[in-house]
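*Asks:* Sending over a structure as structure tokens; questions will come in a sec.
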Amino acid sequence: MRTLWLASSSPRRRLLMENSGFQPRCVSSDLDDDLLRINDENVLATCAARAWFKAESVHDQLLSRADSDTGDDPGILVAADTLCELDGSPVGKPATKNDAEFMIRSMIARAHRTVTGVAILDRSSMERSIWCDVARVELGALSEDALHAYLESGEWRGKSGGYNLGDRINAGWPVSCHGDPATVMGLPMKRLAPALKLFMKEGASS
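Quick look at the structure:
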């Protein structure tokens with residue numbers, strides 16, 4: 001079995017991988033997302049580029065780490081980047097509670113897109129695959145009490161658009177997703193799982 005590296009410290013992304021039968025070794029990229037503003041007018045291009053830069057960064061980190069030695073096969077590396085898009089503009093992670101409130105209020109009673117860019121790198125052959133998956137999310141009317149409680153909880157921290165889809169569905173928010181819910185959570189597993197299996201199979205047979 002080839003080693004699978006996940007270029008992320010996100011518990012949600014790791015859980016998505018594990019729930020699909022993968023056991024990734026996680027390494028966080030040392031890149032600052034806020035500094036990787038590629039093209040604000042093209043969210044897909046930005047997410048794809050960020051995912052690849054994260055993959056490159058972690059690949060380089062692993063080359064200098066003694067505990068990353070996996071023998072003759074350095075394994076497969078997966079990196080991802082997620083952004084919300086509202087009215088054609090990217091919506092990243094809120095820095096403050098006020099940011100989170102503004103983002104969420106902007107999304108109430110309307111639809112927005114969530115884009116996750118993915119980069120898969122075979123660290124042996126350096127073959128790579130870079131692509132994006134898109135889901136459409138609709139947030140219905142949200143009570144002031146529900147919004148206030150959420151903002152005070154701090155659960156918006158570190159989340160693109162200020163929310164996590166699964167958590168908000170479980171909390172009873174009026175939210176629906178058209179597309180792969182896992183895309184909104186950070187890894188589009190409906191596309192990623194078969195792509196990874198193909199990479200791992202091809203590498204094992206070479």
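Take the numbering used here: the final residue in the sequence shown is number 206, and no numbers are missing along the way.
Every residue gets a Cβ at the ideal spot worked out from N, C-alpha and C, and that includes glycine.
For clarity, every value in this text was computed on a predicted model and none was experimentally measured.
Return the chain-ordered list of same chain residues with a C-beta closer than 7 Å to the C-beta of Ala80, the five sequence neighbours on each side being excluded.
*Replies:* The residue given as residue 80 occupies position 80 in the sequence shown. Correct list, in chain order: Ser8, Arg13, Ala51, Thr116, Gly117, Val118, Gly186 and Leu187.
*Asks:* Excluding five sequence neighbours on each side, which residues of the same chain lie with their C-beta closer than 7 Å to the C-beta of Ala100?
*Replies:* Residue 100 sits at position 100 when you count from the first residue of the sequence shown. Once the five neighbours on either side are set aside, the close Cβ partners of Ala100 are Pro94, Leu151, Trp156 and Gly162.
*Asks:* Ends of the alpha helix (DSSP H) at Pro90?
*Replies:* Position 90 of the sequence shown, counted from the start, is the residue given in the question as residue 90. Careful: Pro90 lies outside any alpha helix (DSSP H), inside the beta strand (DSSP E) at Ser89 to Val91.
*Asks:* With distances taken between CB atoms, is the gap from Gly140 to Pro181 smaller than 8 Å?
*Replies:* Your numbering for residue 140 matches position 140 in the sequence shown. Your numbering for residue 181 matches position 181 in the sequence shown. No; because the gap between Cβ atoms is not below 8 Å, this pair is not in contact.
*Asks:* Restricting to Cα atoms, I'd like to know which of Leu192, Ala45, Ser20 and Thr46 is closest to Ile120.
*Replies:* By 1-based counting over the sequence shown, the position of residue 120 is 120. Measuring from the Cα of Ile120, the nearest candidate turns out to be Leu192.
*Asks:* Out of Arg123, Cys132, Glu127 and Val184, state which residue places its alpha-carbon closest to the alpha-carbon of Leu4.
*Replies:* Indexing the sequence shown from 1 puts residue 4 at position 4. The candidate whose alpha carbon is nearest that of Leu4 is Arg123.
*Asks:* Would Arg65 be called buried (16 or more neighbouring beta carbons within 10 Å of its own) or exposed?
*Replies:* One-based indexing of the sequence shown puts residue 65 at position 65. That one is exposed.
*Asks:* Which word fits Ile108, buried or exposed, when buried means at least 16 other C-beta atoms lie within 10 angstroms of its C-beta?
*Replies:* To locate residue 108, count along the sequence shown from 1; it is residue 108. Classification for Ile108: exposed.
*Asks:* Within this structure, are the beta carbons of Met200 and Ile76 separated by less than 8 Å?
*Replies:* By one-based count along the sequence shown, residue 200 stands at place 200. By one-based count along the sequence shown, residue 76 stands at place 76. For Met200 and Ile76, yes; Cβs fall inside 8 Å.
*Asks:* Does DSSP put Ala119 in a helix, a strand or coil?
*Replies:* As a working mapping, residue 119 is identified with position 119 in the sequence shown. Ala119 falls in the strand class under three-state DSSP.
*Asks:* Near Ser28, what residues of its chain come up, given a Cβ to Cβ distance below 6 Å and the 5 sequence neighbours on each side ignored?
*Replies:* The residue given as residue 28 occupies position 28 in the sequence shown. Excluding residues within five positions, the ones whose Cβ falls inside 6 Å are Ser9.
*Asks:* Straight-line CA distance for Asp167 to Leu31?
*Replies:* Numbered from 1 along the sequence shown, position 167 holds the residue referred to as residue 167. Numbered from 1 along the sequence shown, position 31 holds the residue referred to as residue 31. Cα to Cα, the separation comes out at about 27 Å.
*Asks:* Whole angstroms are fine: how far does the CA of Phe53 sit from the CA of Asn42?
*Replies:* Taking the sequence shown and counting its residues from 1, one reaches residue 42 at position 42. Taking the sequence shown and counting its residues from 1, one reaches residue 53 at position 53. Taking the straight line from one Cα to the other gives about 17 Å.
*Asks:* Under 8 Å between the Cβ atoms of Ala111 and Thr183?
*Replies:* Residue numbering aside, residue 111 sits at position 111 when the sequence shown is read from its first letter. Residue numbering aside, residue 183 sits at position 183 when the sequence shown is read from its first letter. Going by C-beta atoms, Ala111 is not nearer than 8 Å to Thr183.
*Asks:* How many Å lie between Met223 and His178 at the Cα?
*Replies:* Residue 223 is absent from the model: the chain starts at 1 and stops at 206.
*Asks:* Check whether the Cβ atoms of Ser143 and Gly92 sit closer than 8 Å, and answer yes or no.
*Replies:* Numbered from 1 along the sequence shown, position 143 holds the residue referred to as residue 143. Numbered from 1 along the sequence shown, position 92 holds the residue referred to as residue 92. Their beta carbons are not under 8 Å apart, which means Ser143 does not touch Gly92 by this criterion.
*Asks:* Below 8 Å between beta carbons: does that hold for Leu198 and Cys132?
*Replies:* Reading the sequence shown from its first residue, position 198 is the one you call residue 198. Reading the sequence shown from its first residue, position 132 is the one you call residue 132. Cβ distance not < 8 Å, so Leu198 and Cys132 don't count as in contact.
*Asks:* Inspect the beta-carbon positions of Arg113 and Glu138 and report whether they are closer than 8 Å.
*Replies:* Translated into the one-based positions of the sequence shown, residue 113 becomes position 113. Translated into the one-based positions of the sequence shown, residue 138 becomes position 138. Taking 8 Å as the Cβ cut-off, Arg113 and Glu138 do not qualify as a contacting pair.
*Asks:* Ordered along the chain, which non-local residues of its own chain (more than five positions away) have a Cβ less than 7 Å from that of Ser129?
*Replies:* Taking the first residue of the sequence shown as position 1, residue 129 is located at position 129. Result list for Ser129: Ile120 and Ala195, in chain order.
*Asks:* If you measure between the beta carbons of Thr96 and Cys47, is that distance less than 8 Å?
*Replies:* Counting from one through the sequence shown, the residue named residue 96 turns up at place 96. Counting from one through the sequence shown, the residue named residue 47 turns up at place 47. Contact: no.
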